[in-house]
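Visitor: Letter 48 of the sequence shown, counting from 1, is numbered 64 in this note's numbering, and no numbers are missing. Note that CB positions come from ideal geometry on N, CA and C, so glycine has one too. First, the structure itself, so that you have it in front of you.
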Amino acid sequence: MSAPWSPSQYLKFEDHRTRPAMDLLARVAAPDATEITDIGCGPGNSTELLIERFPAADVLGMDSSPKMIEAARTRLASCRFELADITDWKPDAPQDLLFANAVLQWLPDHETLLPKLMSFLKDGGTLAIQMPDNLDEPTHVGMRTAAADGRWADRLRAADGERTTILSASDYWSILKPHAARIDIWRTTYNHPLAGLDGIVDWFKGSGLLPYLSRLSPEEQAEYLKVYRGILADSYPVMPDGTVLLPFPRLFIVASR
């Protein structure tokens, strides 16, 4: 992903963003894991869960964002972190667990990527994946609609393609079945209570909006967000106490060799 990540913006909603990682980890059965990598570890919130669950394991956090790696090292000074790109990364040793929370949606060609990740596992090892599955939600339709504004449409056209379209559960089953002895796939929709429409905008400023905002000047960013917020108003009613519920669907996969 070309847009710069902001750990502080991302962690404004840490409790909400960490819950799917907790739910994913709850389905991982690897009591004797000793080699673990947190792929796309971000600011270390998911890495911290792995260290707590597997205190005796060698846990590595890996991310392509220098700012995220810096934040993770500050958070977990005793843990190893590595700056690397998943597309050409390879572990030093076969892994018991590869944990990929909210990262693979930024990478293309899952038909090739997932079998490659499975090949990095020990026999009995596990690949655990969680991906936002929200490109058809009003939040993301609204991003594309706002990006079509003639003031910046030419520059933002490429931003639409930075997220990979998530495949169906049956597609992922077919991709993984030749490489896995056990596969568990499910989809969950979380309903996050946020502080009005501005809460939704603030949430996605730390993730989905980055490819759009990074291509605009500060003045244009403010105008784009104004257009985007107006679009959101049609789909997310504000309740009497000022709260808006943000439905957020996510796809989970746990595949073991």
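Please report the residue range of the alpha helix (DSSP H) in which G212 lies.
Guide: The residue you call residue 212 lines up with position 196 of the sequence shown. Element bounds for G212: 212-221.
Visitor: So L120 and M147 are in contact, right, with Cβ under 8 Å, and what is the actual spacing, rounded?
Guide: Taking the sequence shown and counting its residues from 1, one reaches residue 120 at position 104. Taking the sequence shown and counting its residues from 1, one reaches residue 147 at position 131. Between M147 and L120 the Cβ distance is about 6 Å, and since that is below 8 Å, they are a contact.
Visitor: On the DSSP bridge assignment, give the partners of A116 in chain order.
Guide: Taking the first residue of the sequence shown as position 1, residue 116 is located at position 100. A116 pairs with I55, I145.
Visitor: Using 8 Å as the Cβ pair cut-off and three pairs as the minimum, do the segment 183-198 and the segment 110-125 touch?
Guide: They do not touch, by the three-pair rule.
Visitor: Would you please state the rounded distance, in angstroms, between the beta carbons of P36 and R266? I believe it to be under 8 Å.
Guide: What you label residue 36 is simply residue 20 of the sequence shown in a count that begins at 1. What you label residue 266 is simply residue 250 of the sequence shown in a count that begins at 1. 5 Å between Cβ atoms; contact.
Visitor: Classify L123 as helix, strand or coil using the three-state DSSP reduction.
Guide: Here residue 123 corresponds to residue number 107 of the sequence shown, with the count starting at 1. It is coil, neither helix nor strand.
Visitor: Can the beta-carbon of M306 be found closer than 8 Å to that of G224?
Guide: Since the first and last residues shown for the chain are 17 and 273, residue 306 lies out of range.
Visitor: Report the residue from L210, A174, G140, A196 whose alpha carbon sits nearest the alpha carbon of R51.
Guide: One-based indexing of the sequence shown puts residue 51 at position 35. Here residue 51 turns out to be Glu, not Arg, going by the sequence shown. The candidate whose alpha carbon is nearest that of E51 is G140.
Visitor: Assign E68 to buried or exposed, taking buried as 16 or more other Cβ atoms, counted over all protein chains shown, within 10 Å of its Cβ.
Guide: Walking along the sequence shown from the start, residue 68 turns up at place 52. It is exposed - the Cβ of E68 has fewer than 16 other Cβ atoms within 10 Å.
Visitor: Taking C-alpha atoms, which residue in A45, R167, D176, P71 lies nearest to A238?
Guide: Taking the sequence shown and counting its residues from 1, the one referred to as residue 238 is at position 222. With distances taken between Cα atoms, A238 lies closest to R167.
Visitor: Going by the DSSP bridge assignment, what does S272 pair with across the sheet?
Guide: Within the sequence shown, the letter at position 256 stands for residue 272. T142, R198.
Visitor: What does DSSP give as the partner residue(s) for Y206 in the beta ladder?
Guide: Looking up residue 206 in the sequence shown gives position 190. Answer is F264, bridged to Y206.
Visitor: Does the Cβ of M38 have 16 or more other Cβ atoms within 10 Å, making it buried, or fewer, making it exposed?
Guide: The count along the sequence shown starts at 1 and reaches residue 38 at position 22. The residue in question, M38, is exposed, as its Cβ has fewer than 16 Cβ neighbours within 10 Å.
Visitor: Going by the CB atoms, is the gap between I199 and L248 shorter than 8 Å?
Guide: As a first step, residue 248 is located in the sequence shown; it is residue number 232 there, counting from the start. As a first step, residue 199 is located in the sequence shown; it is residue number 183 there, counting from the start. No, these two residues do not count as a Cβ contact at 8 Å.
Visitor: Should R33 go down as buried or exposed, given a rule of 16 or more other Cβ atoms within 10 Å for buried?
Guide: Locating residue 33 in the sequence shown gives position 17, counting from the first residue. Buried.
Visitor: Just the C-alpha distance for V270 and I145, rounded to the nearest angstrom, thanks.
Guide: On the sequence shown, position 254 is the one that residue 270 refers to. On the sequence shown, position 129 is the one that residue 145 refers to. Distance between the alpha carbons of V270 and I145 is about 6 Å.
Visitor: To test your reading of the DSSP string, which unbroken alpha helix (DSSP H) runs of 4 or more residues are found completely within the segment 149-201?
Guide: Taking only runs of at least 4 residues, the alpha helix (DSSP H) segments lying wholly in the segment 149-201 are 154-163, 169-172, 185-192.
Visitor: Which of the three DSSP states, helix, strand or coil, is assigned to Q111?
Guide: Locating residue 111 in the sequence shown gives position 95, counting from the first residue. Here Q111 sits in strand by DSSP.
Visitor: Give the DSSP bridge partners of M78, in chain order.
Guide: The residue labelled residue 78 in the question sits at position 62 within the sequence shown. Answer by DSSP bridge pairing, in chain order: I55, E98.
Visitor: Report buried or exposed for L99, applying the criterion of at least 16 other Cβ atoms within 10 angstroms of its Cβ.
Guide: Residue numbering aside, residue 99 sits at position 83 when the sequence shown is read from its first letter. L99 should be labelled exposed.
Visitor: Among L113, D176, D149, which one has its Cα closest to the Cα of K74?
Guide: Reading the sequence shown from its first residue, position 58 is the one you call residue 74. Before going on, a small fix: residue 74 reads as Asp here, not Lys. When each option's Cα is compared against that of D74, the closest is L113.
Visitor: Just to confirm my understanding: we take K193, look at its own chain, exclude 5 residues before and 5 after, and list those with CB closer than 7 Å. What are they?
Guide: Position 177 of the sequence shown holds residue 193. Excluding positions up to five away in sequence, the list reads I199.
Visitor: First and last residue of the alpha helix (DSSP H) that includes L315?
Guide: Lying outside 17 to 273, the shown extent of the chain, residue 315 is not represented and no answer is given.
Visitor: Using DSSP bridges, identify the partner residues of T259.
Guide: In the sequence shown, counting from the first residue as 1, residue 259 sits at position 243. A211.
Visitor: In whole angstroms, what is the alpha-carbon distance linking V254 and T204?
Guide: Residue numbering aside, residue 254 sits at position 238 when the sequence shown is read from its first letter. Residue numbering aside, residue 204 sits at position 188 when the sequence shown is read from its first letter. Those two C-alpha atoms are separated by around 23 Å.
Visitor: Take Y252 and list the residues in its own chain whose beta-carbon comes closer than 6 Å to its own, dropping the five residues that flank it on each side.
Guide: Here residue 252 is taken as the residue at index 236 of the sequence shown, counted from 1. Once the five neighbours on either side are set aside, the close Cβ partners of Y252 are V260.
Visitor: Go through its chain and collect everything with a Cβ distance to L65's Cβ below 8 Å, but skip five positions before and after it.
Guide: Here residue 65 is taken as the residue at index 49 of the sequence shown, counted from 1. For L65, where only same-chain residues beyond five positions count, the Cβ hits under 8 Å are T34, A37, M38, L41.
Visitor: Do A164 and Y228 count as a contact pair if the criterion is CB distance below 8 Å?
Guide: Along the sequence shown, read from residue 1 onward, the residue named residue 228 stands at position 212. Along the sequence shown, read from residue 1 onward, the residue named residue 164 stands at position 148. Not a contact, by the Cβ cut-off of 8 Å.
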